[in-house]
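Asker:
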Amino acid sequence: MPSEFPTNSENNPDDSSNKKIRVQHILKGSRKAITNTMHTLYALGYTEISEWSPLQPTDVPGEFITISTKYFRLR
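In terms of the working numbering, the sequence shown opens at residue 57 and continues consecutively.
(1) Which same chain residues, not among the five before or five after Glu107, have their C-beta less than 6 Å away from its C-beta?
(2) Expressed to the nearest angstrom, what Euclidean distance is found between the alpha-carbon atoms of Leu130 and Gly118?
(3) Determine the direct distance from the alpha carbon of Lys126 to that of Arg87, and round the result to whole angstroms.
(4) Leaving out the 5 sequence neighbours to the left and right, which residues in its chain are closer than 8 Å to Thr114 when beta-carbon positions are compared?
(5) For Thr103 and Leu97, which I take to be in contact (beta-carbon distance under 8 Å), what is that distance rounded to the nearest angstrom?
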């Protein structure tokens, strides 16, 4: 997994401020609840609608799931 986050070899490779961390957000619920949450997060400027995976049905009738992955620099 370290190859996902290349470091700048000219800087100190042990400097953790250059590393990124991955955070996955999972929304699970009714289609309407998920869509509303996605639009709320978009309105807050946190994520684009296109950053979410397509809604997929779960084993529970009427329930769907979607995932968005964000990358953040450690400070």
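Heads up, the beta-carbon is just placed ideally off N, CA and C, and yes, glycines get one too.
For clarity, every value in this text was computed on a predicted model and none was experimentally measured.
Answerer: So, from the data block:
(1) Ser124
(2) 38 Å
(3) 22 Å
(4) Lys84, Phe120 and Ile121
(5) 5 Å
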